[in-house]
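Per our numbering, residue 76 is the first one in the sequence shown, and the count goes up by one each step.
Positions of the beta carbon are idealized from the N, C-alpha and C atoms, including for glycine.
Okay, so here's the structure we're looking at.
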Amino acid sequence: MAIQSNKVELLTRLLGAAEQRQQVISNNIANANTPEYKSLELQFEDALAAEITKKEKSLGSAAATSVTQTPGLVSRADGNNVDVDKQLGLLNKNAMLQQLYLQLIGTDMNQMRRAMEGGP
């Protein structure tokens with residue numbers, strides 16, 4: 076059961092990061108016409124993977140999200156570097172990941188419920 080709860084905890088943390096990422100992307104889109112605004116991105120998965128690897132496959136509780144400027148983007152004449160099309164693609168990808176995490180959590184919860192009820 077410990078493996079199951081670790082999996083649910085991991086999925087819950089990934090879902091939380093996806094929610095934060097959606098806020099960052101939405102903020103980028105909202106500021107697409109703000110002079111000198113620089114596109115931001117949320118970092119989490121790499122920190123989580125490094126923490127899990129360091130702790131030999133245990134859940135990385137120290138891994139945290141961080142928001143950084145997106146490197147390598149070209150700025151327009153007004154200093155803004157938000158590419159709305161790219162941000163919309165990221166928003167769609169993130170929405171699909173959120174849906175996946177929710178479905179996996181739901182599946183795990185149903186399995187735990189069936190195990191507690193003694194069902195198949």
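I'd like the list of long-range same chain contacts for residue i, defined as Cβ closer than 8 angstroms, with 5 residues on each side in sequence excluded.
{"i": "Asn155", "result": "Asn106, Ala107, Asn108, Thr109, Pro110, Glu111, Tyr112 and Lys113"}
In three-state terms, what does DSSP make of residue i?
{"i": "Thr140", "result": "coil"}
{"i": "Leu148", "result": "coil"}
{"i": "Glu94", "result": "helix"}
{"i": "Glu111", "result": "coil"}
{"i": "Gly135", "result": "Its pLDDT being 49, under 50, Gly135 is placed unreliably by the model, and the measurement read from it follows with that caveat. Correct three-state label for Gly135: coil."}
Within the same chain, show all residues whose beta-carbon is closer than 7 angstroms to that of residue i, passing over the 5 residues directly before and after it, in chain order.
{"i": "Tyr176", "result": "Leu86, Leu89, Leu90 and Ala93"}
{"i": "Val159", "result": "Ile104 and Ala107"}
Between which two residues does the alpha helix (DSSP H) holding residue i run?
{"i": "Asn185", "result": "Val159 to Glu192"}
{"i": "Asp153", "result": "From DSSP, Asp153 is part of no alpha helix (DSSP H); its letter is neither H nor E."}
On a Cα-Cα basis, can you pick out the residue from the options that is closest to residue i?
{"i": "Leu117", "options": "Lys82, Ala190 and Leu166", "result": "Leu166"}
{"i": "Ser141", "options": "Leu115, Asp153, Asn102 and Lys168", "result": "Leu115"}
{"i": "Val83", "options": "Met191, Ala190, Thr182 and Thr143", "result": "Thr182"}
{"i": "Ala139", "options": "Glu192, Asp121, Pro146 and Arg189", "result": "Asp121"}
Whose C-beta lies closer than 6 angstroms to the C-beta of residue i among residues of the same chain, with five residues either side of it excluded?
{"i": "Gln186", "result": "none"}
{"i": "Gln162", "result": "Ile100, Asn103 and Ile104"}
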